[in-house]
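Numbering (full-length UniProt numbering), first residue to last: 1 to 358.
The beta-carbon is built from N, C-alpha and C at its ideal position, and this holds for glycine as well.
Quick look at the structure:
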């Protein structure tokens, strides 16, 4: 599942932001109560407003808390479950709670622990304290300061350890719209993602064992939001592309239909599973354009015999082949998604502009 982040000190227009996210198939909201800038007199009002908006849009709301931040709500950790009456569905606790306190808290609300600092002795202590492990998840930090994000090898190893205990894992990717103050350097969990496209980063987090991905920064660009929305809705990766040839309507229809990479994935190509059966009756004549750089969109012509009509996408630079027509190419951004298109992955080519045929 995908989530957004809302910061009470920066966004009072919760309703519009959350409604838009819900319409784009985001289902989670993260917020922090570590906000000293807020006037405590307004704090509970803002949180209530946020919680009401998430409830209205059937989204889960996870709050990062501490004993100090709860004081602003006239609560302590023993009564933190009262936040559920507002519609809060989970509490992220980073430090200061004993295993017994966490075990007690899990009887009232889901608890999210700092994924990067949990170790085996602490998890064993939690289990001995009688914690309901189904009420516990692991949540990595984001890192505003450049060069302080996590290393990928450590991250992967940590996630494997946490999954062995049955914990689900959440982590952050940066936004590419409005970045969060005061550094405006992105809010990733992994340092390698600090300047990465958010959807590419999200796809990589999935391969590294992450169950829930949150956008750390306040906003995404509209086209990036659409990438997340399409993937959340039906598991389809949308690949923006440019068609460079004048194409028959039947071929265009097949090119732009949802298809999937074959379950027996090729090393060098993404082979669209449904294309050859759908187009084998056509007589696709060879054209002079048959160079195949990485990201090239091709269709096999009559010279390829029974393979005629198969649509492929080059994963890397390939030699020209007179039996294969190059009819377009992915955008530079869409090419970044290629490493994450595995066997059976649903994809949809999305033409954004058509170049004039030469």
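- Check the Cα spacing between residue 277 and each of 269, 296, 251, 264: the tightest is with 251.
- Within the model, the alpha-carbon separation for residue 241 versus residue 280 is close to 23 Å.
- Positions of the beta strand (DSSP E) runs, each at least 3 residues long and wholly inside the UniProt domain "6-phospho-N-acetylmuramidase C-terminal" (256-349), are given as 269-271, 296-300, 311-314, 324-330 in order along the chain.
- Put simply, of 155, 59, 1, 227 the residue whose alpha carbon is nearest the alpha carbon of residue 14 is 59.
- Per DSSP, the continuous alpha helix (DSSP H) segment holding residue 199 begins and ends at 198-207.
- Residue range 212-215 is occupied by the beta strand (DSSP E) that includes residue 214.
- Listed in chain order, the non-local C-beta contacts of residue 142 below 7 Å within the same chain comprise 172, 187, 188, 189, 216, local neighbours out to five positions each way being set aside.
- Secondary structure of residue 31 (DSSP, three-state): strand.
- With a 10 Å radius around the Cβ and a threshold of 16 neighbouring Cβ atoms, residue 293 comes out exposed.
- Separation of the CB atoms of residue 325 and residue 291 is rounded to 11 Å, and the pair is thereby denied contact status at 8 Å.
- Distances from the CA of residue 44 to each of 174, 8, 310, 150 were compared; the closest alpha carbon is that of 8.
- Within the same chain, Cβ atoms closer than 6 Å to the Cβ of residue 262 are found at 271, 273, the five residues on either side in sequence being excluded.
- The region 17-28 makes no contact with the region 131-139: fewer than 3 CB pairs, one atom from each, lie closer than 8 Å.
- In the three-state reduction of the DSSP assignment, residue 50 falls in the helix class.
- The three-state secondary structure of residue 240, taken from DSSP, is strand.
- Around the beta carbon of residue 65, 16 or more other beta carbons lie within 10 angstroms, which makes this residue buried.
- Secondary structure of residue 252 (DSSP, three-state): helix.
- Unbroken beta strand (DSSP E) runs of no fewer than 3 residues, entirely contained in the region 116-152, are found at 136-139, following chain order.
- With respect to the 8 Å criterion, residue 310 and residue 300 are classified as neighbours on the basis of their beta carbons.
- A Cβ-Cβ separation of about 5 Å places residue 238 in contact with residue 350 under the 8 Å criterion.
- The three-state reading of DSSP puts residue 228 in helix, counting H, G and I together.
- Put simply, the backbone Cα of residue 86 is about 12 Å away from that of residue 63.
- Rounded to the nearest angstrom, the gap between the Cα atoms of residue 121 and residue 128 is 10 Å.
- Around the beta carbon of residue 288, fewer than 16 other beta carbons lie within 10 angstroms, which makes this residue exposed.
- Straight-line spacing of the CA atoms in residue 145 and residue 197 works out to 18 Å.
- Closest in alpha carbon position to residue 179, among 191, 308, 195, 166, is 195.
- The C-alpha of residue 229 is placed about 38 Å away from the C-alpha of residue 101.
- Residue 23: not part of any beta strand (DSSP E); member of the alpha helix (DSSP H) spanning 14-23, first to last residue.
- The straight-line gap separating the alpha-carbon atoms of residue 174 and residue 269 is approximately 30 Å.
- When C-alpha distances from residue 182 are compared across 312, 319, 218, the shortest belongs to 218.
- Rounded to the nearest whole angstrom, the CA to CA distance from residue 233 to residue 24 is 8 Å.
- Burial is judged here by how many other beta carbons sit within 10 angstroms of a residue's own beta carbon; residue 124 has fewer than 16 and is exposed.
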